[in-house]
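Enquirer: Residue numbers (my numbering), protein chains in the order written: chain A, 667 to 729; chain B, 12 to 593.
Okay, handing you the structure first.
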Amino acid sequence: MTLRVLGLLVCILGWFIAVLSVEISGVYAQLLVALAGFVTAGIGALAIVNRGHLQEAIWKGKG
Amino acid sequence: MNFVMRLGLSRARNRTKKRARGRIAVLALVLLTSPWFVVGSLALAQSATTDAAPAAAPPAAAPAPMITAADIKALSGPAATDLANGDPGGTATGSVGDIPQADTKAGLTLADIVNTVGQNRIAINFVWTLFTGYLVMFMQAGFACVETGLCRAKNANHTFMMNFMVYGWGLFAYWVMGFALQQGGSAGNTNLGGLNPLNSEFSVSFLGGKTWGLFGQRGFFLSGQSYDVGVMVMFLFQMVFMDTATTIVTGAAAERWKFAAFSISTFFLGAITYPLYGNWAWGGGWTSQLGANYGLGHGYCDFAGSGVVHAVGGITALAVGMIIGPRIGKYNRDGTPNPMPGHDITMVLLGCFILAFGWFGFNPGSTLGASGNGNLRIGSIAVNTMLAGCTGSIASLLYMWIRFGKPDASMAGNGLLAGLVAITAPSGFVNTVGAAIIGFFAGMLVCLSVEFIERVVRVDDPVGAISVHGTCGLWGVISVGLFADGTSNYGGSWNGVDGSVKGLFYGDPSQLVAQLIGCATLIGIVFTLSYVFNWLVDVIVGQRVGAASELAGLDVPEMGALGYPEFQLAGPGLTRHVEVGD
């Protein structure tokens, strides 16, 4: 459960990083920051939230 | 047939290393040569644009003749006696006599003519938007066929019914509040007569003191001021788009989703999640204003909904897929996946054709008109749509053929859909070369994504909805920031920024920044919102059916009737052998 909540927070953090790119000067710097935010959000969903589910996956159970 | 083909695929994986290395080499060759194809095509497209740039100056316009009231009075149409003889050539039907007069005593006036011209433009746009909306509505049949065909026979009724009832639940939710949240502040679209009743957007001041529109506040139950002809057309068109997003989720959660949980989840998606992102992109909300507020190109641009419709649906499908877990038997204890082939590949391919047909409503219809404001670009949009679907299916087919030794039918179908999903956002902004490239990459991307989701992420997605709509939807959004060629002109501006939308390859990298912010919003906000709500549904109602129901197939336990009552399903559930009864 902790991992899932952490993952969701990382997702929101990724969004916030991407949005903060509007405050940066230089379009290529903005591009990098927006990309970093997008990737961070993706990691939050695919790596962290999902890991929380895989730990309790039914196919790991007995029987 | 599909089963046999899957067996073929399975055998292909076990062939000699030498042959596998050969295929990988060919695949690598294709992947390596693709960028050159891209660069070459772009160079070709840009040189064509440059060559075509110098144009002869138009001759000085002659002074326009004045039309007097006397001229108008002198106008006459064919005599009633002539019309009584019939008009087989169609040359006499529709003339001055058909123009409505505000005051029959005063006769025809210039105001009558001008008003008729204006109303005809709106009428053309109404009919265009409604008709394309009807095409999009028919896509529900395509989704139902694709998803049902890719599921096992014992779940046919349940899967088809979910696709059927997204129409009911989704429409109801959207009428109650979804449309108001999405479009309640979107007044100003002149294609549909201005949509002036939709004039209230809830906004906050954020980052740099700029106004951020969050959701609309007019149009609940389509009552009050929103009881308006233009608003009704807009509602119908936007509603069928929302319905497309909701039907994506049913594919990823098929074969184990409790029908009650599906109903609640669909209602929420149609009432809140989809409309919020729809507002931010299409309803005058904050992502659409990234250009006007922060100078990021033309703000987030999503012409027909790679992000708003497909990525929202695909990302919600990812959230639900994680919560609901894989089907029993999908994964072994070491985490390796087992194939669970669908029961009717012909139904799948028929569904893909229906969807491709409906997409001609999806993309060209998103001009919201055929007359004025650069809307004649509908021909280009339709061709782009066609091309991207074509290159998507070719890319998927070649990828599977080279990698596994057989041209996989279901992935060719998914490749077609991937190309169509990807071109949805850029269809109104790119040329045909760009469309072909976008579709081709989407076709390869969907194959890679299906394997990644199944083998690495280990989310069970029976129909590939997360990859087709989520992954390729995100690619479509990004591709606007790369391939938009700066030739579109929808009334001289887009999202309140003058000029045409241009991507990185055509000189405006800031457009790509806006697109990436849109993608981050899809994962950061839409995923989170969908996840939290569906987790609540899981806690309160339970998302997943019981193991016994799942093994028996959901048709009887959940729906009370088999999809194919004449068939006899053999085995306790995991086996898929179907015997025809007497």
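For each residue, glycine too, the CB sits at the ideal point set by N, CA and C.
Counting C-beta neighbours from all protein chains within 10 Å, is the total for proline 350 of chain B 16 or more, i.e. buried, or is it exposed?
Expert: In the second sequence, residue 350 of chain B corresponds to position 339, counting from 1. Exposed, by the Cβ-count rule.
Enquirer: For threonine 258 of chain B versus asparagine 174 of chain B, is the C-beta distance shorter than 9 Å?
Expert: Against the second sequence, residue 258 of chain B aligns to sequence position 247. Against the second sequence, residue 174 of chain B aligns to sequence position 163. Result yes, Cβ atoms of threonine 258 of chain B and asparagine 174 of chain B sit closer than 9 Å.
Enquirer: Would you kindly work out how many angstroms separate the C-alpha atoms of leucine 698 of chain A and valine 556 of chain B, rounded to a whole number?
Expert: For the purposes of this step, residue 698 of chain A is taken as residue 32 along the first sequence, with counting starting at 1. For the purposes of this step, residue 556 of chain B is taken as residue 545 along the second sequence, with counting starting at 1. One C-alpha to the other measures close to 44 Å.
Enquirer: Check arginine 555 of chain B in the structure and name its three-state DSSP category.
Expert: The residue labelled residue 555 of chain B in the question sits at position 544 within the second sequence. It is a strand residue.
Enquirer: Could you check what DSSP says for aspartate 82 of chain B in three-state terms: helix, strand or coil?
Expert: Counted from its first residue, the second sequence places residue 82 of chain B at position 71. The answer is helix: DSSP assigns aspartate 82 of chain B an H, G or I state.
Enquirer: Using the beta-carbon of each residue, which ones in chain A are nearer than 9 Å to leucine 329 of chain B?
Expert: Residue mapping note: residue 329 of chain B aligns to position 318 of the second sequence, counting from 1. The answer, in chain order, is Ala711, Leu712, Asn716.
Enquirer: Can you tell me whether threonine 498 of chain B is helix, strand or coil according to DSSP?
Expert: For the purposes of this step, residue 498 of chain B is taken as residue 487 along the second sequence, with counting starting at 1. Here threonine 498 of chain B sits in coil by DSSP.
Enquirer: Measure from the C-beta of glutamine 721 of chain A to each C-beta in chain B and report whether the shortest distance is under 9 Å.
Expert: Position 55 of the first sequence, counting from 1, holds the residue named residue 721 of chain A. Glutamine 721 of chain A does not count as touching chain B.
Enquirer: Mind pulling the alpha helix (DSSP H) runs of 4 or more residues that sit fully within the region 463 to 523 of chain B?
Expert: 483 to 494
Enquirer: State the Cα-Cα distance for the pair valine 567 of chain B and leucine 573 of chain B, rounded to the nearest angstrom.
Expert: On the second sequence, position 556 is the one that residue 567 of chain B refers to. On the second sequence, position 562 is the one that residue 573 of chain B refers to. Between valine 567 of chain B and leucine 573 of chain B, the C-alpha separation is close to 6 Å.
Enquirer: Write down every uninterrupted run of the alpha helix (DSSP H) in the region 286 to 340 of chain B whose length is 4 residues or greater and which is fully enclosed by it, in chain order.
Expert: 301 to 305, 323 to 335
Enquirer: Give me the Cα-Cα distance between isoleucine 83 of chain B and leucine 119 of chain B, rounded to the nearest whole angstrom.
Expert: Reading the second sequence from its first residue, position 72 is the one you call residue 83 of chain B. Reading the second sequence from its first residue, position 108 is the one you call residue 119 of chain B. Cα to Cα, isoleucine 83 of chain B sits roughly 7 Å from leucine 119 of chain B.
Enquirer: Any residues in the region 679 to 693 of chain A with a beta carbon nearer than 9 Å to a beta carbon of chain B? Which ones, in chain order?
Expert: Leu679, Gly680, Trp681, Phe682, Ile683, Ala684, Val685, Leu686, Ser687, Val688, Glu689, Val693
Enquirer: Would DSSP call proline 348 of chain B helix, strand or coil?
Expert: Position 337 of the second sequence, counting from 1, holds the residue named residue 348 of chain B. Strand, per DSSP.
Enquirer: So is isoleucine 683 of chain A buried or exposed if we call it buried at 16+ other beta carbons inside 10 Å?
Expert: As a position in the first sequence, residue 683 of chain A is number 17, starting the count at 1. By the 10 Å Cβ count, isoleucine 683 of chain A comes out buried.
Enquirer: How long is the line joining the alpha carbons of alanine 191 of chain B and cysteine 312 of chain B, rounded to whole angstroms?
Expert: By 1-based counting over the second sequence, the position of residue 191 of chain B is 180. By 1-based counting over the second sequence, the position of residue 312 of chain B is 301. Going from the Cα of alanine 191 of chain B to the Cα of cysteine 312 of chain B covers about 21 Å.
Enquirer: Given a threshold of 16 other Cβ atoms within 10 Å of its Cβ, counted over all protein chains shown, does alanine 85 of chain B qualify as buried or as exposed?
Expert: For the purposes of this step, residue 85 of chain B is identified with residue 74 of the second sequence, where counting begins at 1. Alanine 85 of chain B comes out exposed.
Enquirer: May I have the straight-line CA-CA distance separating lysine 269 of chain B from isoleucine 339 of chain B, to the nearest angstrom?
Expert: The residue given as residue 269 of chain B occupies position 258 in the second sequence. The residue given as residue 339 of chain B occupies position 328 in the second sequence. Looking at the two C-alpha atoms, the distance is approximately 15 Å.
Enquirer: How would you list, in chain order, the residues of chain A whose beta-carbon sits under 8 Å from the beta-carbon of asparagine 343 of chain B?
Expert: Sequence index remark: in the second sequence, residue 343 of chain B carries index 332 (1-based). Under the 8 Å cutoff, chain A gives Trp725.
Enquirer: Which of helix, strand or coil does DSSP assign to threonine 143 of chain B?
Expert: For this step, residue 143 of chain B is matched to residue 132 along the second sequence. Three-state result, threonine 143 of chain B: helix.
Enquirer: Roughly how many angstroms separate the alpha carbons of threonine 586 of chain B and alanine 563 of chain B, rounded to a whole number?
Expert: Here the question's residue 586 of chain B lines up with position 575 in the second sequence. Here the question's residue 563 of chain B lines up with position 552 in the second sequence. Confidence at threonine 586 of chain B is low in this model, with a pLDDT of 49, below 50, so its placement is unreliable and the value that follows should be read with caution. Rounded to whole angstroms, threonine 586 of chain B to alanine 563 of chain B spans 10 Å at the Cα level.
Enquirer: Since lysine 221 of chain B sits in a beta bridge, which residues does DSSP pair it with?
Expert: In the second sequence, residue 221 of chain B corresponds to position 210, counting from 1. Answer is B:Phe217, bridged to lysine 221 of chain B.
Enquirer: For methionine 440 of chain B, which three-state DSSP category applies?
Expert: Along the second sequence, one-based indexing puts residue 440 of chain B at 429. It is phenylalanine, not methionine, that sits at residue 440 of chain B in the sequence shown. If DSSP states are grouped into helix, strand and coil, phenylalanine 440 of chain B belongs with coil.
Enquirer: In terms of alpha-carbon separation, which member of B:Lys165, B:Ala155, B:Ala164 lies closest to methionine 176 of chain B?
Expert: Position 165 of the second sequence, counted from the start, is the residue given in the question as residue 176 of chain B. Residue B:Ala155 is the option with its Cα nearest to methionine 176 of chain B.
Enquirer: With burial defined as no fewer than 16 other Cβ atoms inside 10 Å of the residue's Cβ, what is the status of glutamine 300 of chain B: buried or exposed?
Expert: Indexing the second sequence from 1 puts residue 300 of chain B at position 289. So glutamine 300 of chain B counts as buried.
Enquirer: Leaving aside the five residues before and after isoleucine 534 of chain B along the sequence, list all residues of the same chain whose C-beta is less than 7 Å from its C-beta, in chain order.
Expert: By 1-based counting over the second sequence, the position of residue 534 of chain B is 523. Closer than 7 Å at the Cβ level, and outside the excluded window around isoleucine 534 of chain B, lie Ile326.
Enquirer: If contact is defined by three or more beta carbon pairs under 8 Å, each pair taking one atom from either stretch, is the region 248 to 257 of chain B in contact with the region 532 to 550 of chain B?
Expert: no
Enquirer: Would you identify the three-state DSSP class for tyrosine 575 of chain B, choosing helix, strand or coil?
Expert: For the purposes of this step, residue 575 of chain B is identified with residue 564 of the second sequence, where counting begins at 1. DSSP places tyrosine 575 of chain B in coil when its eight states are reduced to three.
Enquirer: By DSSP's criteria, glutamate 266 of chain B is part of a beta bridge. Which residues make up the other side?
Expert: Position 255 of the second sequence holds residue 266 of chain B. Answer by DSSP bridge pairing: none, since glutamate 266 of chain B is not bridged.
Enquirer: What residues in the region 467 to 478 of chain B have a beta carbon less than 8 Å from any beta carbon of chain A?
Expert: Only those residues of the region 467 to 478 of chain B whose C-beta falls short of 8 Å from the nearest C-beta of chain A are listed: Val468, Arg469, Val470.
Enquirer: Give a yes or no on whether the minimum CB-CB distance between leucine 672 of chain A and chain B is below 9 Å.
Expert: Here residue 672 of chain A corresponds to residue number 6 of the first sequence, with the count starting at 1. It does not; no Cβ of chain B falls within 9 Å.
Enquirer: Please list, in chain order, the chain A residues whose beta carbon lies closer than 9 Å to that of serine 521 of chain B.
Expert: Numbered from 1 along the second sequence, position 510 holds the residue referred to as residue 521 of chain B. Correct list: Val693, Gln696, Leu697.
Enquirer: Name the chain C residues whose beta carbon is nearer than 9 Å to that of phenylalanine 175 of chain B?
Expert: Of the protein chains in this structure, namely A and B, none is chain C.
Enquirer: Start and end of the alpha helix (DSSP H) containing glutamine 194 of chain B?
Expert: Here residue 194 of chain B refers to the residue found at position 183 of the second sequence. Taken as a continuous stretch (DSSP letters only), the alpha helix (DSSP H) holding glutamine 194 of chain B covers 190 to 194.
Enquirer: Going along the chain, which residues of its own chain have a beta-carbon closer than 8 Å to the beta-carbon of glutamine 696 of chain A, five neighbours each way excluded?
Expert: Working through the first sequence from its first residue, we reach residue 696 of chain A at position 30. So the list reads Ser687, Val688, Ile690, once near-sequence residues are dropped.
Enquirer: Give the list of continuous beta strand (DSSP E) stretches no shorter than 3 residues that lie fully inside the region 124 to 170 of chain B.
Expert: none
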